[in-house]
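Same order as they appear, the protein sequences are chains A and B. Following my numbering, the numbering of the first sequence begins with 1 at its first residue and continues without gaps. Following my numbering, the numbering of the second sequence begins with 75 at its first residue and continues without gaps.
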Amino acid sequence: MMIKVEFLGPIAREPMEMEATTLAEVSAKLKADERLAGWLEKCAVALNDTMVTDLTTPLQAGDRVSLLPPVCGG
Amino acid sequence: MMELYHGCLDTKEIFGRWLDEQSDSNYGAYIPFVGTIRAEDGIEGLSFDIYEPILQQWFEEWVARAKAQGAIVKMAHAIGDVPVHTSSYISAVFSPKRRVALELIDAFVEDFKANAPIWKYDLKGGKRLYAEDRSTPMDGAGVLA
Numbered sequence: 001m002m003i004k005v006e007f008l009g010p011i012a013r014e015p016m017e018m019e020a021t022t023l024a025e026v027s028a029k030l031k032a033d034e035r036l037a038g039w040l041e042k043c044a045v046a047l048n049d050t051m052v053t054d055l056t057t058p059l060q061a062g063d064r065v066s067l068l069p070p071v072c073g074g
Numbered sequence: 075m076m077e078l079y080h081g082c083l084d085t086k087e088i089f090g091r092w093l094d095e096q097s098d099s100n101y102g103a104y105i106p107f108v109g110t111i112r113a114e115d116g117i118e119g120l121s122f123d124i125y126e127p128i129l130q131q132w133f134e135e136w137v138a139r140a141k142a143q144g145a146i147v148k149m150a151h152a153i154g155d156v157p158v159h160t161s162s163y164i165s166a167v168f169s170p171k172r173r174v175a176l177e178l179i180d181a182f183v184e185d186f187k188a189n190a191p192i193w194k195y196d197l198k199g200g201k202r203l204y205a206e207d208r209s210t211p212m213d214g215a216g217v218l219a
């Protein structure tokens with residue numbers, strides 16, 4: 001099923017769509033993208049604006065996965 | 075209450091209004107925190123990106139934690155460019171007695187620095203440079219690595 005991946009803050013990448021049924025599949029596809037090297041280990045992840053930490057999290061068509069790089073408010 | 079503004083914060087107006095809003099609430103302690111942008115490393119200012127949906131959830135969790143202790147938390151933050159010597163972030167805690175407010179403002183501001191989805195950039199020489207060396211991976215970072 002088709003889901004959307006978006007990159008927040010300084011990653012400065014346009015959102016992308018991909019076929020995936022779990023976060024593990026999203027991980028595998030993003031790891032193959034050299035332009036994201038170095039970001040993945042530092043990014044937290046949200047699914048439809050809820051923070052997630054489990055790679056087995058199932059995905060539904062139309063889900064939105066967000067990558068949140070290191071933060072510094074204030 | 076969480077407030078977001080484009081550009082620097084009018085700290086006196088916001089703190090004064092927060093104080094007025096609680097004038098009849100019988101809180102014994104009101105502790106404000108002001109974050110002011112320091113002139114260092116030749117920067118002209120800082121700039122901020124915010125992801126509001128998750129920031130709002132993060133803040134609401136703190137509202138609930140404060141409420142459980144009979145307290146309230148408030149914050150305001152800037153979006154976009156903010157010059158040196160002005161404020162980009164303020165927060166405050168009201169509580170019936172001082173001890174709860176003192177401890178809460180400490181925990182609230184520290185967790186803000188660690189987990190609020192806000193990205194900081196230095197404004198230097200006409201460029202907007204991600205402050206990577208001062209940034210912290212959020213809780214749970216690395217799940218996709």
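Glycine residues also receive a C-beta, built at the ideal position from the N, C-alpha and C atoms.
Using a Cβ-Cβ cut-off of 8 Å, K4 (chain A) does not count as an interface residue toward chain B, since no Cβ of chain B sits closer than that to its own. Per DSSP, reduced to three states, the secondary structure at V174 (chain B) is helical. Collapsing the DSSP output to three states places E134 (chain B) in a helix.
Taking a C-beta cut-off of 8 Å against chain B, the contacting residues of the region 26-46 of chain A are V26, S27, L30, K31, L40, E41, K42, C43, A44, V45, A46, listed in chain order. Interface residue (Cβ-Cβ distance to chain B less than 8 Å): T53 (chain A) is classified as such. If you draw a 10 Å sphere on the C-beta of K31 (chain A), you find fewer than 16 other C-beta atoms in it, and that means exposed.
Counting along the chain, V147 (chain B) sits inside the beta strand (DSSP E) bounded by residues 146-157. Contacts with chain A at 8 Å (Cβ-Cβ) include Y204 (chain B). Neighbours of L59 (chain A) in chain B, taken as residues at a C-beta separation under 7 Å, are lacking, since the least C-beta distance is about 13 Å. A direct Cα-Cα distance of roughly 22 Å separates V137 (chain B) from W193 (chain B). Contact between the region 65-72 of chain A and the region 141-149 of chain B is not established, with fewer than three Cβ pairs separated by less than 8 Å. Counting only the Cα atoms, L78 (chain B) lies some 13 Å from S121 (chain B). Under the Cβ criterion (8 Å, minimum of three pairs), the region 90-106 of chain B does not count as touching the region 38-46 of chain A. Counting only Cβ-Cβ distances below 9 Å, K201 (chain B) has no contacts in chain A at all, with the closest Cβ about 13 Å away. Taken in chain order, the members of the region 5-20 of chain A whose beta-carbon sits within less than 8 Å of a beta-carbon on chain B are L8, G9, P10. Taking W92 (chain B) as the centre and dropping the five residues before and after it, the same chain places the C-beta of K148, A166 closer than 7 Å to its C-beta, in chain order. Taking the beta carbon of D49 (chain A) as reference, the chain B residues within 8 Å of it are P127, I128, Q131, listed in sequence order. Not one beta carbon of chain B lies nearer than 8 Å to the beta carbon of G62 (chain A).
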